[in-house]
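**Q** So for the sequence shown, numbering that gives the first Met the number 0 puts the first residue at 0; every next one is plus one.
We put the CB at the ideal spot given by N, CA and C, even for glycine.
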Amino acid sequence: MNLSKTTLSLLLLGTLGLGVTPAFAADAPTPATGPGMMGAGPMGGGPRAMQKGRWLKEAPVPILMPIVFRHMAELNLSAEQKKALEDWRTNHVAQWKKWRGPMLEHNRALRDALLKGETGAALASLKAAVDKDHREMLEHGIRQVEFLHHTLTPEQWEKVTALYTQMGR
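As structure tokens, this is what we get:
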């Protein structure tokens, strides 16, 4: 049998096409829901959910530490400033790792309780735990901004806030 490459390719494509057809059939099962392109997670709102800088504009506390670390050379930080920033990061990353697990568990527990239809007293302790976590996160963010404002010179602070404003557009 002497088939040309074109004929063989068409035959192969036709065979593969037969395997795909059942997925578009009227009685095909609905795909499972969950994390995916439009499911839960950071992209849950679709491709525009994480528009460049959108999360920066909507955050109640400006997220400046990553900007400072990304632009260290441009900011001309002194040795003391670099050490203070590294110490802060080392200390607070360790705290964050301890705190993150329980925070996610509290969020998950409240979400699951709401999905089960629980109300009133059953939700009270879960809401209190989530509120406490969010207050702690807010306080941590405020302390971080205050630390940076105290550590950086006025000129460096101006550069960082200008970069933050640019990123939020």
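Among the residues of its own chain, which have a CB less than 7 Å from the CB of Val60, if the five just before and after it don't count?
**A** Excluding positions up to five away in sequence, the list reads Leu137, Gly140, Ile141, Val144.
**Q** Roughly how many angstroms separate the alpha carbons of Asp130 and Trp98, rounded to a whole number?
**A** Each residue's alpha carbon lies about 14 Å from the other.
**Q** Rounded to the nearest angstrom, how far is the Cβ of Ile66 from that of Leu162, given a contact under 8 Å?
**A** About 5 Å; that satisfies the 8 Å criterion.
**Q** What residue does the alpha helix (DSSP H) around Ala112 start on, and which one ends it?
**A** Where Ala112 is concerned, the enclosing alpha helix (DSSP H) stretches over 78 to 114.
**Q** My output table needs one value for Gly167: the three-state DSSP class, helix, strand or coil.
**A** The answer is coil: DSSP assigns Gly167 none of H, G, I, E or B.
**Q** Which residues in the same chain have their Cβ closer than 7 Å to the Cβ of Met102, if we skip the five residues on either side of it in sequence?
**A** Excluding residues within five positions, the ones whose Cβ falls inside 7 Å are Asp132.
**Q** What residues in its chain sit with their C-beta under 8 Å from that of Phe23, if we drop five residues either side in the sequence?
**A** Model confidence at Phe23 stands at a pLDDT of 46, short of 50, so the residue's coordinates are unreliable and nothing is read from them.
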